[in-house]
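Scroll down for the structure; my scribbles are underneath it.
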DNA sequence: GGATACTCATTTGTATACAAATGAACTTGT
DNA sequence: ACAAGTTCATTTGTATACAAATGAGTATCC
């Protein structure tokens, strides 16, 4: 009659659903669900990231855009291919560097961003809605540290 | 000469890489990378979640395991199929309920968990290593609130 | 006891995510 | 000038992740 429900002979029990990885995965899942539910134009979170980052730094190469949006070379290629197929992004060979594929937004891509910007902000808002203003800043700060 | 670099005529700029969704995605990516780098036996984070949750609640149905590990029915099926193929999990029809597939760990599955438990704890530790003890508790608490 | 509603597992299709390998193009050092 | 190293884009293969649809089995309720 000495052990409680947390420890057993000094060995802490392991519960997957109490590990940081589980919380990170679930929180991300909830965020993606909010995004998917609100955002129009069949845009995914990664497509949105690629589009809005491209608006910020265009023209740029495919790999560079991948780096800026934390996407693997294979991942960014798939994302860009789909955006090109939907005429939101345009590719052109780099006249200076034969390896590079220069990306830029089409006017349709620009419009898509403009049309969804308010919603994108609302998605961030809803994701953080269970938190106070102070908690939100704290969470972002802590996540930034473990990235 | 009145605007600074944060606001423009009262409209805050939008930067994807400063949104909560981007941080959640990146933090999760880093955690998965730590897990993949350390864990042996070619186990993924989701496979580990399924295995260790199964140890906790076995025997249970496939959909139930999915619910407990926050996996969609199609996702948990794929994960379980791969664990069965590797002889870490066993399936059997439920004699009581013709719809259910009852899952349990094989002895190899049990051994795999035991063998990797220390590493699993080390993965959580390393993920949180940039944070102080107080920050870790705070982060978990904030993530729990937005799940 | 039988229609209705629900649950379970499966399947299909699309979209990340990443490891690993490849060939072409560029850069560097000497 | 040229070999060695690096970067870029692509391809292949595996593994989540989820929407949507389906058929089989079970529960509910009147």
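Protein chains in written order, with my numbering: chain A, 1 to 147; chain B, 148 to 294. The beta carbon of each residue, even a glycine, is placed where N, CA and C say it ideally should be. This one's a predicted model, so the numbers in the text were calculated from it and none came from an experiment.
- Excluding the 5 residues flanking it on each side, residue 112 of chain A has same chain C-beta neighbours closer than 8 Å at 41, 43, 51, 88, in chain order.
- For residue 138 of chain A, the chain B residues whose C-beta falls within less than 7 Å of its own C-beta are 285, 289, listed in chain order.
- Non-local C-beta neighbours of residue 223 of chain B in its own chain, meaning closer than 8 Å and more than five positions away in sequence, comprise 197, 209, 210, 212, 213, 216, ordered along the chain.
- Relative to the Cα of residue 230 of chain B, the nearest Cα in the group B/256, B/244, B/162, B/242 belongs to B/256.
- Nearest CB-CB separation between residue 99 of chain A and chain B: not below the 9 Å threshold.
- Chain A has a Cβ within less than 9 Å of the Cβ of residue 215 of chain B.
- DSSP assignment within the region 62-121 of chain A yields the following whole alpha helix (DSSP H) runs of 4 residues or more, N-terminal first: 62-68, 73-85.
- At a beta-carbon threshold of 8 Å, the residues of chain A lying near residue 176 of chain B are 70, ordered along the chain.
- Comparing C-alpha distances from residue 293 of chain B to each of A/94, A/131, A/57, A/147 shows the shortest one belongs to A/131.
- For the 9 Å CB-CB criterion, residue 25 of chain A and residue 175 of chain B form a contact.
- Around residue 45 of chain A, the beta-carbon contacts reaching into chain B at under 8 Å are 168, 172.
- The bridge partners DSSP lists for residue 207 of chain B are B/250.
- Taking 8 Å as the upper bound for CB-CB distance, residue 282 of chain B and residue 142 of chain A are in contact here, some 6 Å apart.
- The same chain holds no residue with a CB closer than 8 Å to that of residue 272 of chain B once the five nearest residues on each side in sequence are set aside.
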